[in-house]
Amino acid sequence: MSIYTVHKKSGTYSELLETYGLANLLHKIFDAVNLPDTDIVITDKEYCFEVSTSIDITDDIISKLKYFPPFKYIKQKTDSDVSEYSDFYDYPKQKEWKKERQNLLNAAYKLKDVNEKQKEIQRINEIFETEKPRDIEYDVYSELIAPNNFSGFDKLYSNIKDNRDKFCILIKFVLDYYQGKNTKQPKELSINECKPTALQLYNPNRGKGLKADKANTVAGGNFKLPWIPETMKISGALSDMVCQRVKVGSNYDLKVFVPEYKQLNYKKKYVLIPQFKKYAKGNTPIKIDVLYILLLTKLLIENTGYSGRRRKIKDIVTGLYSVYQKDLGQNKAVVNIGFIQIPDFIEIASKEDVQEWLDILQEQMTIIGRMKEENDATPGLMMYRNFISGSSIDNFFKFSYWYAEYLMSQLSKQNKPRAFTINTLNKFYNSMDNQEISLKSIIENEGFKAVAEAIRKSTVSLQYLQKDQRKYEIRYGVAQALQTKSKTKTDLAEYIGEFISLYNAETSRKAEKDDRAFRKNVREDNLSQFYELLDNHPSKLIGALLASYGFALPPKAQSDDDEDDSFENETEE
Numbered sequence: 000m001s002i003y004t005v006h007k008k009s010g011t012y013s014e015l016l017e018t019y020g021l022a023n024l025l026h027k028i029f030d031a032v033n034l035p036d037t038d039i040v041i042t043d044k045e046y047c048f049e050v051s052t053s054i055d056i057t058d059d060i061i062s063k064l065k066y067f068p069p070f071k072y073i074k075q076k077t078d079s080d081v082s083e084y085s086d087f088y089d090y091p092k093q094k095e096w097k098k099e100r101q102n103l104l105n106a107a108y109k110l111k112d113v114n115e116k117q118k119e120i121q122r123i124n125e126i127f128e129t130e131k132p133r134d135i136e137y138d139v140y141s142e143l144i145a146p147n148n149f150s151g152f153d154k155l156y157s158n159i160k161d162n163r164d165k166f167c168i169l170i171k172f173v174l175d176y177y178q179g180k181n182t183k184q185p186k187e188l189s190i191n192e193c194k195p196t197a198l199q200l201y202n203p204n205r206g207k208g209l210k211a212d213k214a215n216t217v218a219g220g221n222f223k224l225p226w227i228p229e230t231m232k233i234s235g236a237l238s239d240m241v242c243q244r245v246k247v248g249s250n251y252d253l254k255v256f257v258p259e260y261k262q263l264n265y266k267k268k269y270v271l272i273p274q275f276k277k278y279a280k281g282n283t284p285i286k287i288d289v290l291y292i293l294l295l296t297k298l299l300i301e302n303t304g305y306s307g308r309r310r311k312i313k314d315i316v317t318g319l320y321s322v323y324q325k326d327l328g329q330n331k332a333v334v335n336i337g338f339i340q341i342p343d344f345i346e347i348a349s350k351e352d353v354q355e356w357l358d359i360l361q362e363q364m365t366i367i368g369r370m371k372e373e374n375d376a377t378p379g380l381m382m383y384r385n386f387i388s389g390s391s392i393d394n395f396f397k398f399s400y401w402y403a404e405y406l407m408s409q410l411s412k413q414n415k416p417r418a419f420t421i422n423t424l425n426k427f428y429n430s431m432d433n434q435e436i437s438l439k440s441i442i443e444n445e446g447f448k449a450v451a452e453a454i455r456k457s458t459v460s461l462q463y464l465q466k467d468q469r470k471y472e473i474r475y476g477v478a479q480a481l482q483t484k485s486k487t488k489t490d491l492a493e494y495i496g497e498f499i500s501l502y503n504a505e506t507s508r509k510a511e512k513d514d515r516a517f518r519k520n521v522r523e524d525n526l527s528q529f530y531e532l533l534d535n536h537p538s539k540l541i542g543a544l545l546a547s548y549g550f551a552l553p554p555k556a557q558s559d560d561d562e563d564d565s566f567e568n569e570t571e572e
């Protein structure tokens with residue numbers, strides 16, 4: 000076994016990209032000598048990243064290598080001469096196909112008939128998946144074609160190409176570099192660019208400016224870094240980085256995402272990002288953080304499966320680096336470097352666990368996907384992002400209160416938000432059950448279920464009905480009242496007592512008038528069970544769970560007549 004090390008220095012995804020680029024190089028080496036099934040494992044060792052191989056790369060293996068580029072070249076312009084490159088990304092052609100597809104989709108989105116719209120979108124996608132497929136790496140190399148970025152790319156690519164007749168020496172030097180054996184460059188190599196400018200795309204903390212430890216002048220300059228790490232970063236960016244334009248007002252900024260693996264076999268990593276990019280589409284800044292971490296978690300569960308022993312998904316992938324770059328016209332400036340963690344509470348041990356979490360994640364992706372990142376939704380999206388990244392159930396409770404009010408407001412405006420379903424909420428809360436907090440005993444209590452049903456049938460259930468089908472008046476402000484009254488047990492008990500009293504009275508009057516009530520009363524024994532539950536649990540916990548279940552619906556109670564919109568339509572600059 001061979002072990003190669005990339006030391007952590009920047010606190011950003013920079014060394015991650017270098018690690019992934021190194022793993023890509025190792026894969027290409029084994030592939031070149033007909034050992035494609037060799038295991039390559041990436042491991043986070045806290046102070047560094049390790050890349051280990053199940054087979055040693057010996058001098059004999061290196062001696063058999065023939066030249067190959069570490070990554071594809073980029074055809075920058077339509078008239079660029081690429082005759083000397085055996086393989087390259089055709090940026091002009093890909094850009095034209097992308098524009099053509101978007102124009103067709105924009106026309107399809109305007110169709111009023113839902114079935115016709117879905118068929119047309121499917122037809123367009125099939126054409127551009129088979130006849131005019133987009134390169135998986137397009138989002139990254141489309142950022143590299145800018146003159147300031149392309150120059151460095153071209154020089155680093157040429158460092159390898161210009162030493163093709165000394166390729167074995169070059170590869171050995173690169174591998175020795177990551178094993179700490181030799182950092183002195185062999186005299187045989189001809190390196191044109193020894194210390195290229197550090198691009199912010201894969202060095203987000205290395206912007207142009209004052210860079211000396213003790214600056215004695217106001218003159219700023221570019222950061223210069225060694226060519227081997229910078230070459231590996233380009234390879235890692237092309238394989239594992241996700242670049243997405245996000246709309247802010249009338250402008251488009253850039254968000255960059257890179258997953259951080261705790262321990263993962265290269266073969267699984269190799270298929271993860273292409274799947275991720277297939278389903279990830281344009282969105283707005285906060286919402287895209289939420290949807291991308293949910294999507295990554297979902298794909299990890301699908302690709303990892305179950306082994307019979309309980310395993311946390313976070314033990315495979317820690318989370319996503321998220322970097323926000325503000326568009327300043329000619330250049331972009333990094334304004335935020337963040338990290339969104341994979342939820343700590345997701346554990347998989349069986350086939351049932353896999354399906355349950357896939358159901359939970361898909362529903363929550365759909366709910367978040369239908370929210371518009373505007374003034375009224377932004378606070379809720381931030382609450383949900385805090386919940387996902389912090390793995391705190393308290394943050395989900397805050398979101399539940401907020402979303403109950405948001406749901407009622409949106410439905411009153413004839414919009415189509417998505418309510419949580421009761422079955423999926425049961426799966427979610429049961430999975431969060433632990434010794435510190437007993438949720439299962441609450442949500443399965445008959446008194447709790449009766450009160451939650453009464454809230455539901457007074458609020459959200461009525462809003463999903465046409466006005467002429469509603470037999471009762473909609474009760475607004477219930478979610479806000481629950482949050483206010485849940486501060487003490489006495490206040491919550493009094494509020495629920497008054498609510499159920501009015502609910503039962505209204506139900507009885509309807510039964511007298513129409514000979515049927517259309518809904519059942521909350522029985523005295525159910526109310527007694529609820530009060531007993533309240534005596535034994537914190538009022539804030541009971542109130543939050545009522546906000547969750549009181550505004551959730553059975554699976555078939557809400558319309559599913561429009562297309563899957565976990566992600567919005569793609570945004571183009």
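Quick note, in numbering that gives the first Met the number 0, the sequence shown goes up one by one and the last residue is 572. Even for Gly, the Cβ is constructed at its ideal location relative to N, Cα and C.
**Report entry** F70 versus A546: straight-line alpha-carbon distance, rounded
**Finding:** 52 Å
query = Cα-Cα, which of I339, I387, E119 and T4 is closest to P258?
reply = I339
- [ ] Could you tell me how far apart the beta carbons of Q262 and T42 are, in whole angstroms, since I believe they sit closer than 8 Å?
- [x] 5 Å
Residues in its own chain within less than 7 Å of L325 by CB, not counting five upstream and five downstream?
One point to set straight first is that residue 325 is Lys, not Leu, in the sequence displayed. Excluding positions up to five away in sequence, the list reads D252, K331, A332 and V334.
Straight-line Cα distance separating E83 from K63
23 Å
Buried versus exposed, by CB contacts within 10 Å (16 or more), T230 = buried
Original post:
According to DSSP, is A279 helix, strand or coil?
Top reply: coil
Checklist line | Supposed contact pair V5 and N264 - C-beta distance, whole angstroms, cut 8 Å | finding: N264 to V5, Cβ: 17 Å. No contact.
ask   = Apart from the five residues on each side of it in sequence, which residues of its chain come closer than 7 Å, Cβ to Cβ, to I2?
value = E49 and S51
Just to confirm, does Q462 get its C-beta within under 7 Å of one of the non-hydrogen atoms of the ligand NAP?
Among the ligands in the structure shown, none appear at all, so the ligand NAP cannot be discussed.
Quick check: L34 and I54, are their CB atoms within less than 8 Å of each other? yes
Take the Cβ of K111 as the centre, count every other Cβ of all protein chains shown within 10 Å, and call the residue buried at 16 or more, exposed below. exposed
Worksheet entry | Minimum C-alpha distance to L174 - residue among I227, D393 and Y269 | I227
- Per the contact definition of three or more C-beta pairs closer than 8 Å, is the region 483-501 in contact with the region 525-542? yes
Return the bridge partner residues of T259 from the DSSP annotation.
-> The sequence given here has Glu at residue 259, not Thr. G318.
Which residues mark the beginning and the end of the beta strand (DSSP E) in which R122 is found?
That residue, R122, is in no beta strand (DSSP E); its alpha helix (DSSP H) goes V113 to T129.
Within this structure, are the beta carbons of Y471 and E505 separated by less than 8 Å? yes
Checklist entry - If we count the other Cβ atoms within 10 Å of its Cβ and call it buried at 16 or more, is G328 buried or exposed? => result exposed
- Reducing DSSP to helix, strand and coil, say where T52 ends up. strand
- Message: Using 8 Å for Cβ pairs, my map puts I495 next to T423. What's the rounded Cβ distance?
- Response: Actually they do not touch by this definition, with Cβ atoms about 25 Å apart.
Checklist entry - Apart from the five residues just before and just after K439, which ones in its own chain have a Cβ nearer than 8 Å to its Cβ? => result Y428, N429 and D432
Q) Quick one: complete alpha helix (DSSP H) runs, 4+ long, within the region 164-203? A) 166-178
**Study point:** Close beta carbons around P284, own chain, < 8 Å, minus the five adjacent residues each side
**Key:** V245, V247, D252, K254, Y323 and E372
Straight-line Cα distance separating Y19 from S238: 8 Å
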